[in-house]
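Scroll down for the structure; my scribbles are underneath it.
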Amino acid sequence: MKGSYIMEFLPTSYVEEYVAQHSNPLNELGEFVYSRTYSRWLEDKGRREYWHETAKRAIEYNMALEYKHLKKIGYSTDLESMRKEAKELFESIYNTKQFPSGRTLWLGNANEKVNENFALGNFNCSFLSIEKWEDLGELFYLLLVGTGVGFKSRKKMAQKMDPIRTNTSLLHSEYRPVPVEERLEHTQTVKMENGYAKIYVGDSKEGWVESLTQYLDLLIKKENEDIHTVKISYNSVRPEGERLKTFGGTASGPAPLKEMFEGINKVLKNEIDPYLDPIEIDDKGYGKVRPVHILDIGNLIGANVVVGGVRRTAEIFLFDADDHESMFAKYGINGIWTEEQLEHHKNIGNLLEKAKIKPRWFDNLKAVGDRREGLDHRRMSNNSIAFEKKPSRDFLHLVFEMMQLEGEPGFFNMEEARRRRPNAEGVNPCGEIILDSKGVCNLTTINVKAFVQENEDGTYRLDLDNLKRAQELSARIGLRMTLTPLEIDSWNDIQQRDRLIGTSVTGWKDALALVNATEEDEVKWMNILRDASRNAADEYAKALRVNAPLLATTVKPEGTLSQVAGGVSPGVHMSHSPYYIRRIRITATDPLVKVAKELGWKIHAEIGTANIYDQNELAKEHVIAQARTVVIDFPIASGSKRTKEDTTVDEQFDTYFRFQKEYVEHNASNTIDVKPGEWAQAEKRVWDGWDKFVGVSFLSHDGGTYTLAPYEACTEKEYEQLKSSMKPFDTTLLHQFERNETNADLDNMEACSSGVCPIR
């Protein structure tokens, strides 16, 4: 059924008429973030998409999945009904009342090749257990198509993997790029009689993955024992900066790929982290890796995924509670920069001495400024303990002490995850989706604040009927995404078995504040939305003749889409304050920066730019002109009556556990903002609530004291002044400044839509 994806479920005449009759719903922040993140370049029109065009494209991609599925199984299709639903969806999405996944907003109907060959790129979330060397190739592929990946290596898993030779030499041919017509698409390996093998890397996603798997095969398979030297040619890899036509963006050239292979070679030879025990080898050079080696290799793969010079990787690594090598893999790589941090480090050392698990390198960090060098690739993943049972109170305390200093390790309660689904193996990078190995999920969102309506007396009410309908549509969007065949058979099998969806909410706290909702109201609405999602999914699954989703409801971080919706409170989190400045960072060369300057928006040079603190206006202009990254201020009126400053850790945990009980079938992504005096209480809440706890993130509260913070509270007067000084976003200016697609791609994305967690 080639071409079925481009059926017109939304007539252009209808869309144009609707847009003409309804003003642009995006405010300055929403328009800016949308243009930077989801608006694709239209070659035939010489410009980026408008918001209504993106909505139309994504909806038609999604609706066509049902049409294609019903045709495939021999069922009749009710096109009139499908077009009616498409219109209903368009009006809701256009007005930012709900959203498909950010991945689908970017990739849905992007082009025929993406539609047919790279379906996995539409999925926010994935997870796999690394049980075979081939699994690392699948990890690489998922990251290349933009999917966030959770991966796990337990000690028993690593022990069962084939032994790998650590005594081969690795060489690289001089890079001499060949003409386009001579490039290999797929990787080829040639074995020579003198013990050499040469890998010719193919110029495609598949080719890059093949280069990794073929390299590993040379080190694993018995028939390759005579190979003592591997040489890699990158001549078919397109040069840095060349346009990537299928997904958008610009090529990274061969350098990151070369760094990946060099890094893997060093991991196997114990040259990455000299304090690790070396891999034990036999007389032929074969050795068994440990989970920390899988972590290093997975991170090196992630560090290789680069678009437009920017890393595009979201990873989380899960490991055993007694795997201290993995637990301390990132410890100290950020360095110790204050006397307070040094004292905290010493306190952790005392706890480790008591537990008899202190790493032998630990006391090398003994002064302010000390850090562990050469391990920056380990920043690619958030690392979390997968607890199979409740830890001791002493061990949980140690973990919390480490988190205060380092932010990690995180942790998940796999017992509670398995109460929610018995075959739970792990989670996605943001932790809200509970997955089996080789499972994926596509997440959808309703913006609850958009359903708050004003009464005649100036009070507010929640339009519950239309909110419930939006949730039903959200479930249907998600279930349709499970109809697309995935390009890797083993992943497709799990997808068709589980049919996971993730109906999320955003703008929740803002909506509650506006309508003065009680806790009883909140629980009632959670239950209504939970049941609406589950019932709609079950009913729709019957109509489609597929399995009902194993799990349906979740809450994701909602970083980027909350900004597109105008700056509503993200996910279950509180807005920063009633009035605040939201700051967005962007590459200084992006045409959107020129638009912002032309419109008189407030722009700053990023911290670190020379002479940034010069107060002279002319000097400021010069500093901004020299900056590589600029920061733009957007005023937000949230409707919130509270601030993060006066929200306690107990209140945040109450919200998490309420969502876990009353709404969520997966998990609720929640970043608990912990003030200095609240860490003991945070630890107590986890300990006391362990049996209902899956996992959250913890963030040390900074008090908003640093310059150009992403969020900064302001007064209503300051909000009004900044708002009145901003001219509305003008797309015609963008068209004037933009010459090509260079910036209309993934280069400036900062959320899960690009494989980067928006809340950390």
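Under this note's numbering, the first residue of the sequence shown is numbered 18, with each subsequent residue one higher.
Glycine included, C-beta positions come from ideal geometry on N, C-alpha and C.
Here Gly165 is not near Pro587, since their CB atoms are 7 Å or more apart. Residue pairing by DSSP puts Ala730 in a beta bridge opposite Tyr597.
Non-local C-beta neighbours of Val36 in its own chain, meaning closer than 6 Å and more than five positions away in sequence, comprise His69, ordered along the chain. Annotation for Pro308: the continuous alpha helix (DSSP H) segment containing it runs 308-321. One thing to note: Thr535 has its Cβ no nearer than 7 Å to the Cβ of Met591. Under the criterion of beta carbons closer than 8 Å, Gln512 and Trp696 do not qualify as touching, at roughly 40 Å. The DSSP assignment places 518-523 as complete runs of the beta strand (DSSP E) inside the region 503-540, in order along the chain (cut-off: 3 residues).
Our two residues, Gln176 and Leu317, have alpha carbons roughly 21 Å apart in a direct line.
Membership of Asp380 in any alpha helix (DSSP H) is not indicated, and neither H nor E is assigned to it by DSSP. Of the other Cβ atoms in all chains shown, fewer than 16 fall within 10 Å of the Cβ of Arg410; this residue is therefore exposed. Shown here, Trp225 sits in a helix according to DSSP, grouped into three states.
For Arg437, the enclosing alpha helix (DSSP H) stretches over residues 431-437.
If you draw a straight line from the Cα of Ala346 to the Cα of Phe404, it is about 18 Å long. Secondary-structure assignment with DSSP links Leu335 through a beta bridge to Lys169, Ser401. Taking all protein chains shown into account, Val532 has 16 or more neighbouring C-beta atoms within 10 Å of its C-beta and is therefore buried.
In the DSSP assignment, the residues bridged to Gln205 are Tyr217.
DSSP, read as helix, strand or coil, puts Val563 in coil. Along the region 80-138, the alpha helix (DSSP H) occurs as fully enclosed runs of 4 or more residues at 96-111, 119-124, 129-134, listed in sequence order. The DSSP-derived three-state label of Asn211 is coil.
Look at Asn41 here: in three-state DSSP terms it is coil, with no helix or strand label. Segment contact: the region 172-188 against the region 236-251, three or more CB-CB distances shorter than 8 Å; contact assigned.
In the three-state scheme derived from DSSP, where H, G and I count as helix and E and B as strand, Gly694 is classed as helix. Annotation: Asp482 is outside any beta strand (DSSP E); the continuous alpha helix (DSSP H) that includes it extends over 481-498. The continuous alpha helix (DSSP H) containing Ser343 extends over residues 341-344. For Pro652, DSSP records a beta bridge to Ile598. In this structure, DSSP gives Glu199 a helical state, which the three-state scheme calls helix. In this structure, DSSP gives Asn241 a helical state, which the three-state scheme calls helix.
Ranking Trp508, Phe651, Gln488, Phe670 by CA distance to the CA of Leu106 puts Gln488 first. Residue pairing for Phe428: DSSP places it in a beta bridge opposite Ile402. Looking from the CA of Trp618, the closest CA among Leu46, Ser30, Leu27 belongs to Leu46. Rounded to the nearest whole angstrom, the C-alpha separation of Phe140 and Ala644 is 35 Å. In the DSSP assignment, Lys248 falls within the beta strand (DSSP E) that extends over 246-250. Taking 7 Å as the cut-off, the Cβ atoms of Lys701 and Phe674 do not count as close. The C-alpha of Lys73 lies about 26 Å from the C-alpha of Trp525.
Distances from the alpha-carbon of Ala331 to those of Tyr158, Tyr217, Glu60, Lys375 put Tyr158 closest. Spatial neighbours of Ala384 in its own chain (CB-CB distance under 8 Å, excluding positions within 5 residues in sequence) are listed in chain order as Ile353, Leu359.
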